[in-house]
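Residues in the sequence shown are numbered from 601 upward in steps of one, following our numbering. Backbone N, C-alpha and C fix where the C-beta goes; we use that ideal spot for every residue, glycine too.
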Amino acid sequence: GQGLAQALGPVHGTPPPLITLRLAYCSSLKLYSEQEHQASDPEEPFLKPQGPSLLMLQALQELDLTACSKLTDASLAKVLQFPQLRQLSLSLLPALTDNGLVAVARGCPSLEHLSLSHCSCLSDDDWAQAAGSWLRLQHLNLSSCSQLTEQTLDTNSQVCKQLQVLDVAMCPGINVVAVRHFQAQLPQVTC
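Written as structure tokens, this is what we have:
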């Protein structure tokens, strides 16, 4: 697969401050190489990441990783540490689980727009822990997240008070009654 150093190509030294990065549908993209993975191993502390790193882009405000199917919870937890990031798409990531979502929440607390559509491994289990980090969240796309239920809606209504748009289309565990109850609690939200 293609590593981040190859994807960023000839960027050397200090890159200009990127605000938007769209890597959607890069199905062979890996956020860090095997060598970088080993560098985080306490038994091999002398290994350092080689080449450009996504972590250099601290001014990043928008990141689209839609359908980057090789991304894992571990790679997202290691690399998605952007306190200024406002918009993130992780839609169509088949390996994204609750653990990855919690790691993303810790690393990206300023999110306003989040798309997680078609992430079929996400469940209600750790949603409250993740949502607790996203107090600024305004737009949330959870369409086709097949394991989510009205429990996730209840959590969002209690925590995400800035929410304006919520997409839960084609979530079999969320029915119309649950959506109406949610809208009664947060009438400003369009579902």
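Who are the Cβ neighbours of residue i in its own chain at under 7 angstroms, not counting the five residues just before and after it?
{"i": "TYR625", "result": "THR666, ALA667"}
{"i": "LEU685", "result": "LEU660, GLN661, LEU663, CYS708, SER710, LEU711"}
{"i": "GLN788", "result": "GLN764"}
{"i": "ARG706", "result": "SER733"}
{"i": "LEU683", "result": "Residue 683 is actually Pro in this sequence, not Leu. Counting only Cβ-Cβ distances below 7 angstroms, and skipping sequence neighbours, we find PRO709, SER710."}
{"i": "PRO617", "result": "ALA659"}
Name the DSSP bridge partner or partners of residue i?
{"i": "GLU662", "result": "THR620, GLN687"}
{"i": "VAL702", "result": "VAL702 is not bridged to any residue."}
{"i": "ASP724", "result": "According to DSSP, ASP724 bridges with nothing at all."}
{"i": "SER733", "result": "Note: SER733 sits in no beta bridge, so no partner."}
{"i": "GLY773", "result": "THR749"}
{"i": "VAL765", "result": "HIS739, THR790"}
{"i": "SER715", "result": "SER689, ASN741"}
Identify, in the order they occur along the chain, each residue of the same chain with its Cβ nearer than 6 angstroms to the Cβ of residue i, setting aside the five sequence neighbours on each side.
{"i": "ASN699", "result": "ASP673"}
{"i": "THR697", "result": "ASP673, CYS721"}
{"i": "VAL702", "result": "ASP726, GLN729, ALA730"}
{"i": "SER689", "result": "ASP664, THR666, SER715"}
{"i": "GLN687", "result": "GLU662, HIS713"}
{"i": "LEU692", "result": "THR666, ALA667, HIS718"}
{"i": "PHE782", "result": "LEU753, SER757"}
{"i": "LEU695", "result": "A small fix is needed here, since residue 695 is Ala in this sequence, not Leu. So the qualifying residues of the chain are THR672."}
Less than 8 angstroms separating the beta-carbons of residue i and residue j?
{"i": "CYS771", "j": "ALA731", "result": "no"}
{"i": "ASP767", "j": "SER733", "result": "no"}
{"i": "THR755", "j": "GLY773", "result": "no"}
{"i": "LEU786", "j": "SER757", "result": "yes"}
{"i": "LEU740", "j": "VAL704", "result": "no"}
{"i": "LEU753", "j": "ALA778", "result": "yes"}
{"i": "LEU657", "j": "LEU621", "result": "yes"}
Can you tell me the Cβ-Cβ gap for residue i and residue j, rounded? I've got them flagged as a contact below 8 angstroms.
{"i": "CYS745", "j": "SER715", "result": "Contact flag wrong, Cβ pair sits at about 11 angstroms."}
{"i": "LEU763", "j": "GLN738", "result": "6 angstroms"}
{"i": "GLN747", "j": "SER723", "result": "4 angstroms"}
If you drop the 5 nearest sequence neighbours on each side, which residues of the same chain put their C-beta closer than 8 angstroms to that of residue i?
{"i": "ALA769", "result": "SER743, SER744"}
{"i": "GLN751", "result": "ASP724, TRP727"}
{"i": "THR790", "result": "GLN764, VAL765, LEU766"}
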